[in-house]
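> Numbering (my numbering), first residue to last: 827 to 896. Pasting a structure below so you can have a look.
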């Protein structure tokens, strides 16, 4: 089974490349980003107001410090 993940924000991809983030970390961030997208979609359908871009960016970068402090 192949799953297509929603793309990480372009600036996050650039940052991960610049930091030489390990593939396993990038995969983890992509999976968390996907789940955040699903939760955000549910919340939007329920009429909740929130900063969707902040949720996406936070999910995509939440462990980025592990590139420097594993």
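Glycine included, every Cβ here is placed at the ideal spot set by N, Cα and C. Bear in mind the structure is a predicted one, so any value in this text is a computation, not a measurement.
Quick check: the Cα distance between residue 882 and residue 895, rounded to an integer number of angstroms?
What you label residue 882 is simply residue 56 of the chain shown in a count that begins at 1. What you label residue 895 is simply residue 69 of the chain shown in a count that begins at 1. Near 23 angstroms, if we compare the C-alpha coordinates of residue 895 and residue 882.
> Applying the criterion that 16 or more other CB atoms from any shown protein chain within 10 Å of the CB defines a buried residue, is residue 853 buried or exposed?
Counting from one through the chain shown, the residue named residue 853 turns up at place 27. Burial call: exposed.
> Could you have a look at residue 830 and say whether DSSP puts it in helix, strand or coil?
In the chain shown, counting from the first residue as 1, residue 830 sits at position 4. Collapsing the DSSP output to three states places residue 830 in coil.
> Looking only at its chain, what residues have a beta carbon closer than 7 angstroms to the beta carbon of residue 892, apart from the 5 residues adjacent to it on each side?
As a position in the chain shown, residue 892 is number 66, starting the count at 1. Correct list, in chain order: 851.
> Kindly give me the distance between the Cβ atoms of residue 860 and residue 831, rounded to whole angstroms, as I take these residues to be in contact under 8 angstroms.
For the purposes of this step, residue 860 is taken as the residue at position 34 of the chain shown. For the purposes of this step, residue 831 is taken as the residue at position 5 of the chain shown. 5 angstroms between Cβ atoms; contact.
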